[in-house]
Each structure stands twice: as structure tokens, then as C-alpha cells.
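Its first residue numbered -14, the sequence shown is counted upward by one per residue in the numbering used here.
Positions of the beta carbon are idealized from the N, C-alpha and C atoms, including for glycine.
This report concerns only the one structure given below.
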Amino acid sequence: MRVFTCSVLLVVIFTYSHAQQPSYNWNNYTKILKKITAPKFKEQGYDIYSFGAKGDGVTDCTNAINEAIAACNKIGGGLVIVQNGVFLTGSIHLLSNVNLHIAKTAVLKFTTDKAKYLPLVLTRFESVECMNYAPFIYAYGQENIAITGEGILDGQGSNDNWWNWVEKPQYGWKKGDPSQNTARKKLMEMAEKNVPPEQRTFGEGSYLRPNFIQPYKCKNILIEGITLKNSPMWFLNPVLSSNITIKNVTVEGLGPNNDGCDPECSKNILIKGCFFNTGDDCIAIKSGRNADGRRINVPSENIVIQDCIMKEGHGGVVMGSEVTGGIRNVFAENCEMDSPNLERAIRFKTNSVRGGEIENIYVRNIKVGEVKYGVLYVDFYYEEGDAGKFTPSIKNIFLKNVTSEKSEYGVWIKAYDRSPVAKLKIENCSFNNVKKENVLVNVTNISFKKFKINGKEVSGINK
């Protein structure tokens, strides 16, 4: 048994609603931070060795880890300790009041045996609910849960495993190999036809990749200190959850859809001091997709991003593209972004098939070295383009004290005539070595103040 300092946590139950919400800005966004409190745990716990685990990298430790979690939960919670070795495991299911602690001396190595991610669980694939392989670490309807420590969690995603299911040659796929495309198309069609999620069964033979860490309908979550490597799909994906702290986490994975952190239909979230080097968006805020997003109709809101570093990726801080339930009140500050393979710094992506309302996005004190395409990039024509009847809306974007040293565009915005981006304010920003003129298609109420591109003041526009 291992002792760990703890304190009692007051549990607050949140109700999701589209009712009138408080308006936040930089003067009062601390109201959001006051809502976010990391859980603490009892002074008791178990070492997984006590349940038969072996840190030899070969022995299957799935049952040992899950039995330790169940035992810890049964005594009222505490610490489940993973230390001194490489532990091969399948899906881990977290339970209330348990902190899964991976010590610096430990590696959790997730098996390539797909059977170890069964039975099927209610999860999401690309923001659509389904019954699929369990995420590598999964929790459903739990509260006061954590994954902490300085250890490594290795998803073993590679061109030989998981990634080739995406049916792209650059990720190892060859003609005749398994592909996710048939099952993916079937899932999207089932969602449009409103087939109940429990009847959308996939898993073995469908090749829909699971996400790495997914708390689903959970409250009071802490993920701190760990290093995540090579996920099959998205790394961190809290869904329909609240009061979430993600702190000092390192995310490394250049595979397909290797998004770093994707809060989805969730609220009151702090992402602080994290490092992202990813094959897709570093942080992508989401809220459900298409018919499924409209059925559930829950936004992502009240999200604070601080002191993060972004290297490779499709975008640094991103809204979308699955934003059908809406996004509001996002604050990003004091971050660094820099790589020729980072495509955009601040990115919005949606279309009239997805729809959704995005509002109140505040960005300040961001240092961009190099991005491939644009510093601020807003695209209403992502993927399907203007092919649906659910017109998206974006309003209230504020950038302050953002600098960039190299990009193709400074600002690139393409919205619809019927739904222009409303209220864009850029203040005290400087973008250098910009190759092309700004693109501003359908933007109203623009304010530029002390905004320079290539050393020249950009005229303020108000219309």
C-alpha cells in the first residue's frame, strides 16, 4: 500500500443548457478559472504488482491494473501505482475517486492485440456516438478521476499498426489492406438516420480506431505530468464532461488524426503547460458532428488554455471542425507555436453541413515563430463546403499581443455572404515575413489597432 496526500472534494453537479449564459472577457475570465478545481485523493492506494502485474513488457497486465482500480474504488478511492517497469496492457477502465499514477520509472505500453479493447463501449468516432473498441483509458459516468505521474503511455501507433487503417499510403496502407472507410461511411449514415447509438455496433472487422484517453460523462478530472505517444486516433478527448484540468502533459504523435487534446461537448476546462507535437491539430475544441451533434446539442464552453507549446500540427488552437453543438468562451494566452510543419496558429473550420455557433474567442500573448499557412485562419468551406442547410455562425474573435515571424498569410477568412464573421478585433499584433495579402471575405465590424504586417500598419476597418 502506498500513501498519498489528499483532501475532501465537494462535488458540484453541472447541468448543460443553451439558456442565457454569462458573458466573459479578459477582465473577468477568472470567473471560469474559479470553477475549475483539480480533484484530490485519499491517503491510500495499491501497487499493481500486488495484483499480479509484471513490468517485463511482455506479460499482459490488463486484468491486474483493472483489478487494482476496482479494489481502490471499493475502499473509497486513492492511488493506483504503476512503477518500475514496462507494463503491457489493453484497455484500462477508470473508476470514481481513483488516481492512476504512472511513476517516472514506468511505461504503460498498450498492446496491439485488438481483442484487448473489447467488449465494445459507448464512445465516439470523429464526434459521432457508436459502440466501438474501448479507448485505451476510458471512464464512463465517473467522478473524481486522475491520471498523473511522469511516466510514459505508449499507444504503439505506427504504419504497421492502427494508422494503416486510415487507407492512406503515407501511413502504411497498401491495396487489399484493412480500411476504416466502409465502416466510417456506415456510421455517418446511421447517425443521419437517427439510429440509436447502442445499435451502431462496430469494433472487430470495422477498423474504426479508438481514441487514447476518453472520460465520457465524467466530472472532476485531472490529467497531469504524463507523456503520451503514438495514439491510434485522438489523444485526449473528454466528452460531455466538466471540471477538467490537463496540466504539464506531453503529447507526441505524428500519425493520422493524432489530435493532441480535443475537449468535446464539455465545460470548465484548463489546459496548462502542455507540449504538443502532433500529426493533426494540437488543441481542437469540438461539440459533436452533424445530425448526432444536433441530437445531443451540447456546446463546449468555458475553456482556458495557458502556457502551452505547439510544434507540428494542422493547427495550434483550433475550433472545429465538429462544432455542431457550438463553442463559446475560449481563452488562450501565453503560448508558443513554431514549426514549418505547423500549418496554422489560430484556426476555425466548419461548413453548412456541420453548422454550429462559435463565439467569444479571446487570444493574447501568443508568440509564433513560423507557421505554414496563416496566423489567423477561418474557413467556412472546410471539407463538404457550403453543401448543407445548417449555416454556421462565428462572432467575437479578439487577438491581442500576437507576434509571428513567418507565414504565407497573416489573416485568412472566408465566410458566407449570409453569415459573415461578426466582430473581429486585432490589437497590438505584428506579423513579419508574410508572403501574401490578407484574405477577408465576408467579415463585418472589423477593428485593427496597432496591427502591423511586414512592418507596415494595417488600416483599421469598420463596416
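Report all residues from its chain with a CB closer than 6 Å to the CB of residue i; omit the five preceding and five following residues, and keep chain order.
| i | result |
| --- | --- |
| Lys410 | Phe383 and Ser432 |
| Leu207 | Ala23, Pro24, Ala131 and Thr230 |
| Arg280 | none |
| Asn282 | Gly310 |
| Leu255 | Ile21, Thr230 and Val289 |
| His487 | Here the chain covers residues -14 to 448 and nothing more, so residue 487 does not appear. |
| Glu369 | Asn336 and Val338 |
| Asn262 | Glu237, Lys296 and Glu297 |
| Gly142 | Trp148, Asn215, Ser216, Pro217 and Gly240 |
| Glu342 | Gly311 and Ser378 |
| Asn423 | Gly395 and Val396 |
| Ala119 | Ser76, Tyr102 and Val106 |
| Gly301 | Cys267, Met295, Met322 and Ala330 |
| Ser389 | Val353, Val360 and Phe416 |
| Lys326 | It is Asn, not Lys, that sits at residue 326 in the sequence shown. For Asn326, where only same-chain residues beyond five positions count, the Cβ hits under 6 Å are Glu297. |
Tell me residue i's beta-bridge partners as DSSP assigns them.
| i | result |
| --- | --- |
| Gln291 | Lys257 and Glu318 |
| Thr219 | Per the sequence presented here, residue 219 reads as Trp, with Thr not at that position. Bridge partners of Trp219: none, in fact. |
| His86 | Ile66 and Thr133 |
| Ala91 | Gly70 |
| Trp397 | Tyr362 and Val424 |
| Leu409 | Ile382 and Ile431 |
| Arg349 | Glu318 and Lys385 |
| Met116 | Leu107 and Thr186 |
| Ala124 | Pro200 |
| Cys414 | Phe436 |
| Met304 | Ile270 and Phe333 |
| His78 | Tyr123 |
| Val419 | Ser392 |
| Leu138 | Leu93 and Leu213 |
| Asp265 | DSSP, once it has assigned bridges, lists no residue as partnering Asp265. |
Can you list, in chain order, the residues of its chain with a C-beta nearer than 8 Å to that of residue i? Leave out the 5 residues immediately preceding and following it.
| i | result |
| --- | --- |
| Asn439 | Phe416, Asn417, Asn418 and Val419 |
| Gln165 | Trp150, Val151, Glu152, Ser191, Tyr192, Leu193 and Arg194 |
| Leu(-6) | Its pLDDT being 29, under 50, Leu(-6) is placed unreliably by the model, and the measurement read from it follows with that caveat. If we look at Leu(-6) and ignore the five residues flanking it on each side, its Cβ neighbours are Thr22, Pro24, Lys25, Asn129 and Asn205. |
| Pro405 | Asn427, Val428 and Thr429 |
| Val(-4) | Because Val(-4) carries a pLDDT of 30, less than 50, the predicted location of this residue cannot be relied on, and the following value inherits that uncertainty. The residues are Glu128, Asn129, Lys204 and Asn205. |
For residue i, tell me which candidate among the options has the shortest Cα-Cα distance.
| i | options | result |
| --- | --- | --- |
| Glu454 | Lys334, Phe26 and Arg349 | Within the shown structure, residues of the chain are numbered from -14 to 448, placing residue 454 beyond reach of any answer. |
| Phe121 | Arg332, Val289, Ser216 and Asp364 | Ser216 |
| Asn449 | Asn319, Tyr125 and Val106 | Residue 449 falls outside the range modelled here, since the chain spans only -14 to 448, and no answer is possible. |
| Pro104 | Lys257, Gly75, Asp323 and Pro200 | Gly75 |
| Val428 | Lys437, Ser444, Lys435 and Tyr401 | Tyr401 |
| Met175 | Leu213, Glu114, Asp371 and Ile331 | Glu114 |
| Pro200 | Arg194, Asp247, Asn222 and Val180 | Asn222 |
| Tyr123 | Lys352, Cys203, Gly40 and Lys334 | Cys203 |
| Leu80 | Val363, Lys99 and Phe26 | Phe26 |
| Ser272 | Met304, Cys293 and Lys257 | Met304 |
| Val67 | Gly30, Asp364 and Lys101 | Gly30 |
| Ala56 | Gly40, Ser35 and Lys39 | Ser35 |
| Pro182 | Leu193, Tyr125, Thr235 and Arg109 | Arg109 |
| Asp364 | Glu307, Lys399 and Ile54 | Lys399 |
| Gly136 | Lys334, Cys246 and Asn69 | Asn69 |
| Lys232 | Thr186, Glu128 and Glu209 | Glu209 |
| Lys421 | Val224, Asn48, Val360 and Leu138 | Val360 |
| Ser450 | Glu318, Cys293, Val356 and Asp371 | With the chain running from -14 to 448 in the structure shown, residue 450 is simply not present. |
| Leu138 | Lys160, Arg185, Val234 and Lys257 | Val234 |
| Asn413 | Lys391, Asn386, Lys16 and Leu85 | Asn386 |
| Val224 | Thr212, Ile54, Ala100 and Asn196 | Asn196 |
Any idea if residue i is buried or exposed, counting beta-carbon neighbours within 10 angstroms, 16 or more meaning buried?
| i | result |
| --- | --- |
| Lys252 | buried |
| Arg403 | exposed |
| Thr0 | Low per-residue confidence applies at Thr0: pLDDT is 34, beneath 50, and the placement is therefore not dependable enough to give any value. |
| Val43 | exposed |
| Asp277 | buried |
| Asp162 | exposed |
| Thr167 | exposed |
| Gly340 | buried |
| Gly188 | buried |
| Gly395 | buried |
| Gly37 | exposed |
| Glu111 | buried |
| Ile11 | Before going on, a small fix: residue 11 reads as Trp here, not Ile. The residue is exposed, with fewer than 16 neighbouring Cβ atoms inside 10 Å. |
| Ile60 | exposed |
| Lys89 | exposed |
| Glu177 | exposed |
Using a Cβ-Cβ cutoff of less than 7 Å, which residues in the same chain neighbour residue i once the five nearest sequence positions on both sides are dropped?
| i | result |
| --- | --- |
| Tyr156 | Asn144, Trp148, Asn149, Gly240 and Pro241 |
| Val443 | Phe433, Phe436 and Lys437 |
| Lys441 | none |
| Thr97 | Gln141 and Asn146 |
| Ser227 | Phe(-1), Lys204, Ser251, Lys252 and Asn253 |
| Leu73 | Gly42, Val43, Thr44, Asp45, Cys46, Lys94 and Thr96 |
| Met173 | Val113 |
Three or more C-beta pairs below 8 Å linking the region 338 to 348 and the region 368 to 382: Yes: the two stretches touch, three or more of their Cβ pairs being nearer than 8 Å.
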